[in-house]
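If you're matching positions, the sequence shown starts at 0 in numbering that gives the first Met the number 0 and goes up one per residue.
Glycine residues also receive a C-beta, built at the ideal position from the N, C-alpha and C atoms.
Computed from a prediction, not measured in an experiment: that's the story for all the values here.
Written below as structure tokens is the structure these notes are about.
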Amino acid sequence: MLAQTQIDLGQGETAIARLQDALHQTQPSLDLPLYRRILEILRQQHYNRRDYRAAFRIKLQQRQVDTQFKLRAFIGASHIQPQESLATSPDSAIQALLATEIEASGRDQDVAALTARLEQPRYPLITIHGPSGVGKSSILYGGLVPALTKSFPEGRTTFPALVNSYRDWPDAINQALEVALQRRVDPNTEAAPPAAAIDAFALLTRLRDLTEQHYGQVVLIFDQFEEFLAESPELAQRRELYAFLVECVATPYIKVVLAIREDYLHYLLEIERGFDLDSLSYDILSRDYRYYLGNFQASDAKVLIRRLTQGAQFFLEEALIHQLVADLAVANQVRPIELQVVGAQLQRDEINTLAAYRQLGPHPKETLVQRFLDVVVNDCGQENALLARGILYLLTDIDREKRLYRPQKSREDLEEELKLRGALYTINQLDLVLEVLVGSGLVFMMPGIPLGRYQLVHDYLVSHVKDDQILALLGWRG
Numbered sequence: 000m001l002a003q004t005q006i007d008l009g010q011g012e013t014a015i016a017r018l019q020d021a022l023h024q025t026q027p028s029l030d031l032p033l034y035r036r037i038l039e040i041l042r043q044q045h046y047n048r049r050d051y052r053a054a055f056r057i058k059l060q061q062r063q064v065d066t067q068f069k070l071r072a073f074i075g076a077s078h079i080q081p082q083e084s085l086a087t088s089p090d091s092a093i094q095a096l097l098a099t100e101i102e103a104s105g106r107d108q109d110v111a112a113l114t115a116r117l118e119q120p121r122y123p124l125i126t127i128h129g130p131s132g133v134g135k136s137s138i139l140y141g142g143l144v145p146a147l148t149k150s151f152p153e154g155r156t157t158f159p160a161l162v163n164s165y166r167d168w169p170d171a172i173n174q175a176l177e178v179a180l181q182r183r184v185d186p187n188t189e190a191a192p193p194a195a196a197i198d199a200f201a202l203l204t205r206l207r208d209l210t211e212q213h214y215g216q217v218v219l220i221f222d223q224f225e226e227f228l229a230e231s232p233e234l235a236q237r238r239e240l241y242a243f244l245v246e247c248v249a250t251p252y253i254k255v256v257l258a259i260r261e262d263y264l265h266y267l268l269e270i271e272r273g274f275d276l277d278s279l280s281y282d283i284l285s286r287d288y289r290y291y292l293g294n295f296q297a298s299d300a301k302v303l304i305r306r307l308t309q310g311a312q313f314f315l316e317e318a319l320i321h322q323l324v325a326d327l328a329v330a331n332q333v334r335p336i337e338l339q340v341v342g343a344q345l346q347r348d349e350i351n352t353l354a355a356y357r358q359l360g361p362h363p364k365e366t367l368v369q370r371f372l373d374v375v376v377n378d379c380g381q382e383n384a385l386l387a388r389g390i391l392y393l394l395t396d397i398d399r400e401k402r403l404y405r406p407q408k409s410r411e412d413l414e415e416e417l418k419l420r421g422a423l424y425t426i427n428q429l430d431l432v433l434e435v436l437v438g439s440g441l442v443f444m445m446p447g448i449p450l451g452r453y454q455l456v457h458d459y460l461v462s463h464v465k466d467d468q469i470l471a472l473l474g475w476r477g
């Protein structure tokens, strides 16, 4: 290619312009290998010129292309999202509501079971519980919310409102409701204009109006409910939300879904002890209203790996699949998030034989997880690496019961903590690092009022981010 010759001659800017022209003239559906090659050369050129933002945006474009053409076997640490369809029909988003990964893993059966329960009046509340990393958030984002948009129990329109922030929870619920309303117009909606501030009484009135005046069913879905419990140390704080939830489940056609880590499940007994539930015709805390989501059995994990890798034309040696599952399994169970992270790095490093896997050293699984994190930090650029690791560290904490967890922090929170620790950086550096961490899927950015908040995407990653070696590297104290 002429562009490659210009690169060899040190004519970087001219080469980039020529590559951009070539990209616009190439249709991936007609020549996918060429399109992907141009993207990779473009990314490398931007990165070598220290334009890390441009390089990372090209990387996101690469990821989108690979996903569209089903070349990605694993999604890494990101939540599973509904697959984007290549079709141009306006109904294409609705036709592809369930993510391929959910279907391939058998989680589509869980989505169907949960949806069926929520269509029945006898289930005003469902508590989805299980260990960390089993995919509770992914099922909500990529399965349950899209499925509920197609649910019309008794002819009612369902409004699934997904809540993932608990500071000023009435405002957070109201904002989630705005997104749910917008989603009825555009199924791909993930955000909505900021809603006005609201109190619990006005919020409940609005919810009831949707059921009574607009013939709807509202499903309030609280993701990572343990975050509310961890950040609300006083029972009085928790009781305010508990009281609201009791009012919701006592109201016809307002339903509540709580997704919670199983080691926090006992907190829900506070509802039983603190409120008169005799007026309800059901025991909302009984097993009938709980739904367990567990890890994969080792045999199921092998089947899933074969289906995902073969679908992406990334073929693994059978011996490698057996060894990989053996390394991932604990008590014959495989944690879905770990499978996705390790699998994504395996594909990124093009490791498809047992011999290549063993060359990673005595602990190949841990090596792959560390490489996965290092790739994201490297995307920020060498001069921004310490800032990236520092932000990741600040997005971890220890709760009052000495458990590691992922706090939600605003940009202002992060800036204040970086200042207290003496970190030196520019605003542009912070902008870049946050864009890369969020874009990579390693950090989740939750829109909020008045400030959005950042959170590490999975509990599983906390122990890999929060350790003494990183503290020493940063020159910080714990």
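Taking only three categories from DSSP, how would you classify Thr87? Residue confidence is low: Thr87 scores 33 on pLDDT, short of 50, so the model does not pin down where it sits. Its coordinate-derived value is still stated next. In the structure shown, Thr87 sits in coil (DSSP, three-state: anything other than H, G, I, E or B).
- Taking DSSP as the reference, what is the three-state secondary structure of Ile220? strand
Since Ala171 and Val162 should fall inside the 8 Å C-beta cutoff, what is the C-beta to C-beta distance between them, to a whole number of angstroms?
6 Å
- Go ahead and pull the three-state DSSP assignment for Ile197. coil
query: Considering only C-alpha positions, which residue in the set Asp466, Phe443, His463 is nearest to Leu455?
result: Phe443
Val256 versus Glu118, Gln332, Asp198, residue with shortest Cα-Cα distance: If we check each option's Cα against that of Val256, Glu118 comes out closest.
- Message: Rounding to the nearest angstrom, what Cα-Cα distance links Glu39 and Gln61 in this structure?
- Response: 8 Å
From Pro493 to Arg370, what distance separates their C-alpha atoms?
Because the chain is modelled from 0 through 477, residue 493 falls outside the range shown and cannot be assessed.
So, does the segment 338 to 355 touch the segment 390 to 402, judging by three or more C-beta pairs under 8 Å?
no
What does a CB cutoff of less than 8 Å around Leu267 pick up in its chain, not counting 5 residues either side in sequence? Thr126, Leu257, Ile259, Leu284
The beta strand (DSSP E) that contains Gln454, what's its start and end? 452 to 455
Worksheet item: Is it right to say Leu97 is buried, meaning 16 or more other beta carbons lie within 10 angstroms of its own, or is it exposed?
Response: Only weak support exists for where Leu97 lies, its pLDDT of 45 falling under 50; the value from the coordinates is given anyway. Leu97 should be labelled buried.
**Prompt:** Which ranges would you report for the alpha helix (DSSP H) in the segment 32 to 84 if only whole runs of at least 4 residues count?
**Reply:** 51 to 67
message = Could you check whether Asp378 and Phe73 sit closer than 8 Å to each other, using their CB atoms as the reference points?
response = no
- Does the separation of the CB atoms of Gln216 and Tyr252 fall below 8 Å? yes
Report task. Kindly identify the DSSP beta-bridge partner or partners of Asp458. Result -> In DSSP, Asp458 forms no bridge with anything.
| task | Count the CB pairs spanning the segment 222 to 231 and the segment 395 to 405 that are closer than 8 Å, and state whether there are at least three. | result | yes
Practice problem: Rank Lys149, Lys408, Leu353 by C-alpha distance to the C-alpha of Thr114 and give the top, closest one. | Solution: Lys149
inquiry  = Our contact map puts Pro446 next to Gly134 with C-beta atoms below 8 Å; I'd like the distance itself, whole angstroms only.
reply    = 23 Å between Cβ atoms; not a contact.
Have a look at Leu385, Gln428, Asp430 and flag the residue whose alpha-carbon is nearest the alpha-carbon of Gly474.
Leu385
### Query
Who does Arg289 pair with in a DSSP beta bridge?
Looking at the DSSP output, Arg289 bridges to Thr126.
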